[in-house]
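Student: Next up is a structure, given as structure tokens.
Number of protein chains: 2
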Amino acid sequence: MRSPTITVSDVGEFGVIARVTAGLETVPSTIVGPGDDAAVVAAADGRVVASTDLLIEGRHFRRDWSTAEDVGHKAAARAFSDIVAMGAVPRALLVGFGAPPTLELTWVDGLMTGLRAECAHVDAGIVGGDVTAADQVTIAVTALGDLEGRAPVTLDGARPGDVVAVCGRLGWAAAGFAVLGRGFRSPVQVVAAHRRPEPPYFEGPQAAALGARAMTDVSDGLIADLGHIAEASGVRIDLRGDAIPVPAKLREVGAALNVDPLVWVLTGGDDYPLAAVFPARTDLPDPWVEIGAVVEGEGVRVDGRRWGSGGHEHFR
Amino acid sequence: MRSPTITVSDVGEFGVIARVTAGLETVPSTIVGPGDDAAVVAAADGRVVASTDLLIEGRHFRRDWSTAEDVGHKAAARAFSDIVAMGAVPRALLVGFGAPPTLELTWVDGLMTGLRAECAHVDAGIVGGDVTAADQVTIAVTALGDLEGRAPVTLDGARPGDVVAVCGRLGWAAAGFAVLGRGFRSPVQVVAAHRRPEPPYFEGPQAAALGARAMTDVSDGLIADLGHIAEASGVRIDLRGDAIPVPAKLREVGAALNVDPLVWVLTGGDDYPLAAVFPARTDLPDPWVEIGAVVEGEGVRVDGRRWGSGGHEHFR
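Chains R and B are the protein sequences, given in the same order. For the first sequence, counting from 1, position 5 maps to 5 in our numbering; every step adds exactly one. Each position in the second sequence, counted from 1, maps to that position plus 1000 in our numbering.
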């Protein structure tokens, strides 16, 4: 006999809250955790880095394409990638959660499992949140981070003569999205990349320590996000096409779907790699790949030619 | 000739972002404001207080009952009231905003006007945010605050022998909600209280300085929220019915709608007053009203009798 599905309305708002806060790990930076009016988080640096993201079902994730656990991983990764792109270390996550009353409680459990695992990966605490009913599954994540004495790496510090480098996967999530969009579930590597991004968490603070002048996480696409650096810094960014890595797996998927994989690499979001600008002759450690240079001018070019922005437009 | 309505899809995601970040006031605590990957906010205290709330159209506000400006005021007030309930001073607000593509751009302008005004009132900066499409108007607010060296005032510090006091309006928003629910638009005082709460921002840090042992903002209703203090502290809270203020205006509205106004006072949320527990014989300054005492036991009683929790249940 199959037991009936338990929904969030069966346990109610306070039941959901009790469930999502039960067994949360405590990390050293959490002074007051969930359950009070507000959280208190250590900020020994005297500054706090904060970023917020809103994920809406059907826009940022599909429940038939990703498990609840995947969505939890991705929501936390998305927020933390903004923190590391400033050169900071993630410390805490706050989660606002809206759901239809009919949502299965196991989905909430899966979401929390994913959020908790991603937080544990960076040693951040889930310190607070809010639960409400909504027509669509809605996840609002706010991440807090610690600069540990470093200067924040903003968008506006690129100068002509600097070099441009990237770190982390580029185009994998876009390839996975294309695969899922055509009704396939494999190759598993690109589908998994879409479901659970793996931002280079360590390399953001590393870049700051190496003297990065400007940095961003790639969420709108490499060209679009480097465009934000170019605009904020008042410079042009020239990329060398042959320096931009297009992995064999993406070429293979591109061939199968009749898509130029370079389009995924240059315009795909959702992998959350880092793109940074360093002074020339910076000795870049291994995961960083130099892909271009900063010059006078404006915009972003690949081998001297413009690309469309390719960024995701939410109201289109 | 009437000009056509401009919607958020007409200007697009980046147009909306440009519009909501244009002309944002800078406050001293903002080190890096909107437009970068994340914000950087001063936290001289070495700790940061953080709270997040998710407001959904049709659940937390109705666009036919409240203007966009009202909703902005209320969203910020709701977040800041959690900060002051810890004894902290609001410093920054992050705003996630989701909207149907057909939403009028003037509604977004109004929302920002309300958010900005409430932030200016407490000298907090709007430091970051996110914009996306959603089926319902969705507002995720995260507030950050500064304890200025004080200990956080949590829920669990109440001890038998302490006194219980409140500060700020109680029941006004619930009366306004009842009035609007019956199709009326007046009395304006209670309708305005529902649309734009006026939390006692100054009195939260004041209570901390006076030695408050426990404090909360009343968002679920006085009985329900004092119940959270009673539970966390392992005590019972006894209220004296004759000490709880029921203003003449609420008696008047109650008589007109055939509702006992004490129900609004004891169970209404959305006014965001403060309820705090102080050591006996604390010399409470004027806005604070002593309404009861902490004793051994559990739960909350009024003149020795239990009330239903009366808290708002979102999935009911």
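Yeah, the Cβ is synthetic: ideal placement off N, Cα and C, and Gly gets one too.
State the start and end residues of the unbroken beta strand (DSSP E) segment that holds residue 1290(B).
Tutor: 1289-1295
Student: Applying a beta-carbon distance threshold of less than 8 Å, which residues of chain B neighbour residue 47(R)?
Tutor: 1031, 1040, 1041, 1042 and 1043
Student: What is the C-beta distance between residue 1153(B) and residue 1278(B), in whole angstroms, given that I count them as a contact (C-beta under 8 Å)?
Tutor: Not a contact, Cβ separation roughly 10 Å.
Student: Please classify residue 69(R) as buried or exposed, where buried requires at least 16 neighbouring CB atoms within 10 angstroms.
Tutor: buried
Student: Short of 8 Å in beta carbon distance, which residues of its chain neighbour residue 246(R), apart from the five on each side in sequence? Order them along the chain.
Tutor: Closer than 8 Å at Cβ, skipping near neighbours: 171, 261, 262 and 265.
Student: Taking the beta strand (DSSP E) that residue 1033(B) belongs to, which residues open and close that run?
Tutor: Neither: residue 1033(B) is in no beta strand (DSSP E) and is coded neither H nor E.
Student: Does DSSP put residue 1014(B) in a helix, in a strand, or in coil?
Tutor: In the structure shown, residue 1014(B) adopts helical secondary structure according to DSSP, grouped into three states.
Student: Would you tell me roughly how many angstroms separate the C-alpha atoms of residue 1045(B) and residue 146(R), rounded to the nearest one?
Tutor: 14 Å
Student: Applying the 10 Å Cβ sphere with the 16-neighbour rule, what's the burial state of residue 1186(B)?
Tutor: exposed
Student: Should residue 1211(B) go down as buried or exposed, given a rule of 16 or more other Cβ atoms within 10 Å for buried?
Tutor: exposed
Student: Can you give me the start and stop residues for the beta strand (DSSP E) that residue 177(R) sits inside?
Tutor: Counting along the chain, residue 177(R) falls outside any beta strand (DSSP E), though it belongs to the alpha helix (DSSP H) covering 172-181.
Student: Whose C-alpha, out of 228(R), 283(R), 178(R) and 127(R), is nearest the C-alpha of residue 94(R)?
Tutor: 127(R)
Student: For chain R, check one thing: does any of its Cβ atoms lie closer than 7 Å to the Cβ of residue 1085(B)?
Tutor: At least one CB atom of chain R sits nearer than 7 Å to the CB of residue 1085(B).
Student: Verify the CB distance criterion: does residue 227(R) have a CB-CB separation below 7 Å to chain B?
Tutor: no
Student: Should residue 1216(B) be labelled buried (16 or more other beta-carbon atoms within 10 Å of its own) or exposed?
Tutor: buried
Student: Just the C-alpha distance for residue 12(R) and residue 107(R), rounded to the nearest angstrom, thanks.
Tutor: Distance between the alpha carbons of residue 12(R) and residue 107(R): 15 Å.
Student: Of the residues 290(R), 76(R), 205(R) and 77(R), which one's Cα is nearest the Cα of residue 85(R)?
Tutor: Among 290(R), 76(R), 205(R) and 77(R), the Cα nearest to that of residue 85(R) is on 205(R).
Student: Of all Cβ atoms in chain B, is any one closer than 7 Å to the Cβ of residue 24(R)?
Tutor: Residue 24(R) does not count as touching chain B.
Student: How many angstroms separate the CA atom of residue 317(R) from the CA atom of residue 275(R)?
Tutor: Residue numbering for chain R in the displayed model covers 1 to 316; residue 317(R) lies beyond these limits and cannot be assessed.
Student: Going by the beta-carbon positions, is the gap between residue 1032(B) and residue 1125(B) smaller than 7 Å?
Tutor: no
Student: Report the three-state DSSP secondary structure of residue 1306(B) (helix, strand or coil).
Tutor: Secondary structure of residue 1306(B) (DSSP, three-state): strand.
Student: Could you have a look at residue 1076(B) and say whether DSSP puts it in helix, strand or coil?
Tutor: Reduced to three states, the DSSP call for residue 1076(B) is helix.
Student: Considering residue 51(R), what are the terminal residues of the beta strand (DSSP E) in which it resides?
Tutor: 47-56
Student: Whose C-beta lies closer than 7 Å to the C-beta of residue 1016(B) among residues of the same chain, with five residues either side of it excluded?
Tutor: 1008, 1108 and 1131
Student: Could you please give the first and the last residue of the uninterrupted alpha helix (DSSP H) stretch that includes residue 1112(B)?
Tutor: 1105-1122
Student: Spatial neighbours of residue 1311(B) within its chain, please: CB distance less than 6 Å, with the 5 preceding and 5 following residues excluded, ordered by chain position.
Tutor: Because the pLDDT at residue 1311(B) is just 49, under 50, the model does not fix this residue reliably, and the value given afterwards should be weighed accordingly. Answer for residue 1311(B): 1220, 1221 and 1224, listed in chain order.
Student: Short of 9 Å Cβ to Cβ, which residues in the stretch 120-131 of chain R face chain B?
Tutor: 127, 128, 129, 130 and 131
Student: Restricting to Cα atoms, I'd like to know which of 285(R), 193(R), 197(R) and 160(R) is closest to residue 176(R).
Tutor: 193(R)
Student: Might you give, ordered along the chain, the residues of its own chain that have their beta carbon closer than 7 Å to the beta carbon of residue 1029(B), omitting 5 neighbours on each side?
Tutor: The beta carbon of residue 1029(B) sits closer than 7 Å to the beta carbons of 1041, 1042, 1091, 1092 and 1125 from its chain, once the five residues preceding and following it are set aside; these are given in chain order.
Student: If you count every other CB in all the chains shown that lies within 10 Å of the CB of residue 1227(B), and 16 or more means buried, which is it?
Tutor: buried
Student: Near residue 1114(B), what residues of its chain come up, given a Cβ to Cβ distance below 6 Å and the 5 sequence neighbours on each side ignored?
Tutor: So the qualifying residues of the chain are 1069, 1072 and 1073.
Student: By how many angstroms is the C-alpha of residue 1280(B) removed from the C-alpha of residue 1252(B)?
Tutor: The straight-line gap from Cα to Cα measures roughly 34 Å.
Student: Indicate whether at least one CB of chain B lies closer than 7 Å to the CB of residue 297(R).
Tutor: no
Student: Are residue 270(R) and residue 1136(B) closer than 7 Å when you measure CB to CB?
Tutor: no
Student: Using the rule of at least 16 other Cβ atoms within 10 Å of the residue's Cβ for burial, across every protein chain shown, is residue 1298(B) buried or exposed?
Tutor: exposed
Student: Mind checking who residue 131(R) pairs with in its DSSP beta bridge?
Tutor: 97(R)
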